[in-house]
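Asker:
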Amino acid sequence: MSILRIRTFVLLTSLFFLFITENRAQFTTYKTGTLLIDTEGDPVNAHGAGMLYHKGKYYLYGEIKKGTTWLVPDQSWECYRVPASGISVYSSEDLVKWKNEGIALAPTSGNPSSDLDTGNVLERPKVLYNSNTKKFVMWLHIDSKTYSYARAGVAISDSPTGPFTYLSSMRPNGNMARDLTVFQDEDQKAYLFYASEDNKTMQICLLSEDYLSPTTRYKRILIDQHREAPAVFKHQNRYYLITSGTTGWSPNKASYAVADSIFDNWVIKGNPCKGKHADLTFFSQSTFVLTVIGKQNTYLFLADRWDKTNLANSTYVWLPLKMKGQEPVIRWRKRWHIPDN
Ligand code: DGJ
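Quick note: the sequence shown, position 14, residue 22 per my numbering, numbers continuous.
Pasting the structure below:
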């Protein structure tokens, strides 16, 4: 082979491998703590998010954070706010390529007494599918701009991508509800987990069979522990609850608790995050733990890296959660291939 041919061969081979690597990087490498980019090339806007798996697709629901951040005056804490801009939904078959499916739950404007008014707070949406009613049910934290309303809101849709119709908000059994999540068990019973009692104590409430309202069956857990940002998952018949401390938008140390059944005693175990900056949850706050479908014991820890003075600039920390026996372990990874643990 002539020198020229060898050079051309080497050049073409290099270009081929560069193309493969770039494509792989573009589609499978997740850079932790950065923006997620959707299939249109735009930043994913889905904070305080939850995920639902339904008929071969994952759906990601989150708070749309946009507009100027402002500080609500006369508060004893850093009450930074952006206008409530509704709940977004994205879909993906592989957890990597996310398609923007639009606004799942739209806000309203000009009527401050409406729960969904842009002047209020719409946070931490979580969606379940009820196979009996064939409806998608969204639960979310509804609040006033000073966070004194402290209620759980519920909305319903025929489709995972919405639009969701807002039904109402409530304080379950008369108790405050702020940061919340839902958990659907294998027997199809569903539960609402929420920071209650002025964020001092968490509560778990069994939802009605149609998932649309709280029942009277509830339990106080993590009493006086001041925890929020709940994320629940089940591993080998045990229930795990990861929470954050209550330091507003600033990161703090996560902790997990374990129970053998939902209404059993939840035993506090410690921080699932390990390594450098583990005490600040790698500068983020929990929002959801996804059980990856079709892969054994593969979990994805979803957290928000809030930019409190520019909330629209907040990013995401998605990390593999590994079970070491009965202990969940989350370690920092700068770049990794979702969902390969
Ligand atoms: C912490 C909560 O986890 C967030 O969802 C949000 O409500 C902020 N507090 C507000 O400071």
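In this text, a Cβ means the ideal position worked out from N, Cα and C, and glycines have one as well.
Given the structure is predicted, the values throughout are model-derived calculations rather than measurements.
(1) Can you tell me whether DSSP reads G182 as helix, strand or coil?
(2) If I measure Cβ to Cβ from M331 and keep anything under 7 angstroms in the same chain, skipping five residues before and after, which residues do I get?
(3) Can you determine whether any heavy atom of the ligand DGJ sits closer than 7 angstroms to the C-beta of E236, and answer yes or no?
(4) Would you tell me roughly how many angstroms separate the C-alpha atoms of P336 and M178, rounded to the nearest one?
(5) Taking Cβ to Cβ, would you say Q293 is nearer than 8 angstroms to S252?
(6) Which whole runs of the beta strand (DSSP E) in the stretch 208-288 are 3 residues long or more, in chain order?
(7) Mapping DSSP to helix, strand and coil, what is N119?
(8) Tell me the DSSP secondary structure of N321 in three-state form.
(9) Less than 7 angstroms between C-beta atoms, sequence neighbours within five positions excluded: which residues of the same chain meet that for F241?
(10) In angstroms, rounded to a whole number, what distance separates the CA positions of D218 and Y199?
(11) To the nearest angstrom, how far is it from the Cα of R246 to the Cα of N119?
(12) Is any non-hydrogen atom of the ligand DGJ found closer than 7 angstroms to the C-beta of D187, if you look at the structure I gave you?
(13) Is it buried or exposed for V275, if we count other Cβ within 10 angstroms and need 16 for buried?
(14) How many Å lie between T317 and G278 at the Cα?
(15) Is it buried or exposed, E30, if we count other Cβ atoms within 10 angstroms and call 16 or more buried?
(16) On the DSSP bridge list, what partners appear for V162?
(17) Tell me whether D206 is buried or exposed, calling it buried when 16 or more other Cβ atoms sit within 10 Å of its Cβ.
(18) Please confirm if the stretch 75-84 is in contact with the stretch 42-60, defined as three or more CB-CB distances below 8 angstroms between the two stretches.
(19) The beta strand (DSSP E) with E131 in it runs from where to where?
(20) Restricting to runs no shorter than 3 residues, where is the beta strand (DSSP E) found entirely within the stretch 38-112?
(21) Is the beta carbon of K39 less than 8 angstroms from the beta carbon of R313?
(22) Report the rounded CA-to-CA distance for N183 versus I45, giving the unit in angstroms.
(23) How many Å lie between A265 and Q211 at the Cα?
(24) By the DSSP assignment, the beta strand (DSSP E) with R341 in it spans what residues?
(25) Using 8 angstroms for Cβ pairs, my map puts T295 next to G56. What's the rounded Cβ distance?
Answerer: With the structure as the only source:
(1) Here residue 182 refers to the residue found at position 174 when the sequence shown is read from its first residue. The answer is helix: DSSP assigns G182 an H, G or I state.
(2) Taking the first residue of the sequence shown as position 1, residue 331 is located at position 323. H243, N305, listed in sequence order.
(3) Residue 236 sits at position 228 when you count from the first residue of the sequence shown. E236: yes, Cβ under 7 angstroms from the ligand DGJ.
(4) In the sequence shown, the residue the question calls residue 336 occupies position 328. In the sequence shown, the residue the question calls residue 178 occupies position 170. Their backbone Cα atoms lie some 33 angstroms apart in a straight line.
(5) Looking up residue 293 in the sequence shown gives position 285. Looking up residue 252 in the sequence shown gives position 244. Yes, these two residues count as a Cβ contact at 8 angstroms.
(6) For the stretch 208-288, whole beta strand (DSSP E) runs of length 3 or above, ordered along the chain, are 209-215, 222-229, 235-243, 246-253, 263-267, 275-278.
(7) Residue mapping note: residue 119 aligns to position 111 of the sequence shown, counting from 1. Looking at N119 - three-state DSSP - the assignment turns out to be coil, as it is neither helix nor strand.
(8) Position 313 of the sequence shown holds residue 321. Looking at N321 - three-state DSSP - the assignment turns out to be helix.
(9) Taking the first residue of the sequence shown as position 1, residue 241 is located at position 233. Cβ within range, chain order: Y248, V297, T299, Y307.
(10) Your numbering for residue 218 matches position 210 in the sequence shown. Your numbering for residue 199 matches position 191 in the sequence shown. About 12 angstroms.
(11) The sequence position of residue 246 within the sequence shown is 238, counting from 1. The sequence position of residue 119 within the sequence shown is 111, counting from 1. The C-alpha of R246 lies about 44 angstroms from the C-alpha of N119.
(12) As a first step, residue 187 is located in the sequence shown; it is residue number 179 there, counting from the start. Checking the Cβ of D187 against the ligand DGJ gives yes.
(13) Numbered from 1 along the sequence shown, position 267 holds the residue referred to as residue 275. That one is exposed.
(14) Translated into the one-based positions of the sequence shown, residue 317 becomes position 309. Translated into the one-based positions of the sequence shown, residue 278 becomes position 270. If I take the Cα positions, the gap works out to 30 angstroms.
(15) Position 22 of the sequence shown, counted from the start, is the residue given in the question as residue 30. Only weak support is given to the placement of E30: the predicted model assigns it a pLDDT of 40, under 50, and the value that follows is read from those uncertain coordinates. Exposed, since its Cβ has fewer than 16 Cβ neighbours within 10 Å.
(16) On the sequence shown, position 154 is the one that residue 162 refers to. Paired residues: W147, S176.
(17) Along the sequence shown, read from residue 1 onward, the residue named residue 206 stands at position 198. Exposed, since its Cβ has fewer than 16 Cβ neighbours within 10 Å.
(18) no
(19) On the sequence shown, position 123 is the one that residue 131 refers to. Unbroken beta strand (DSSP E) run through E131: 129-138.
(20) 55-62, 65-71, 95-100
(21) Locating residue 39 in the sequence shown gives position 31, where the first residue counts as 1. Locating residue 313 in the sequence shown gives position 305, where the first residue counts as 1. No, Cβ-Cβ distance for K39 and R313 is not below 8 angstroms.
(22) Walking along the sequence shown from the start, residue 183 turns up at place 175. Walking along the sequence shown from the start, residue 45 turns up at place 37. Going from the Cα of N183 to the Cα of I45 covers about 38 angstroms.
(23) Here residue 265 refers to the residue found at position 257 when the sequence shown is read from its first residue. Here residue 211 refers to the residue found at position 203 when the sequence shown is read from its first residue. Cα to Cα, the separation comes out at about 13 angstroms.
(24) To locate residue 341, count along the sequence shown from 1; it is residue 333. No beta strand (DSSP E) holds R341; DSSP gives it neither H nor E.
(25) Counting from one through the sequence shown, the residue named residue 295 turns up at place 287. Counting from one through the sequence shown, the residue named residue 56 turns up at place 48. That belief holds up - the Cβ atoms of T295 and G56 are roughly 5 angstroms apart, short of 8 angstroms.
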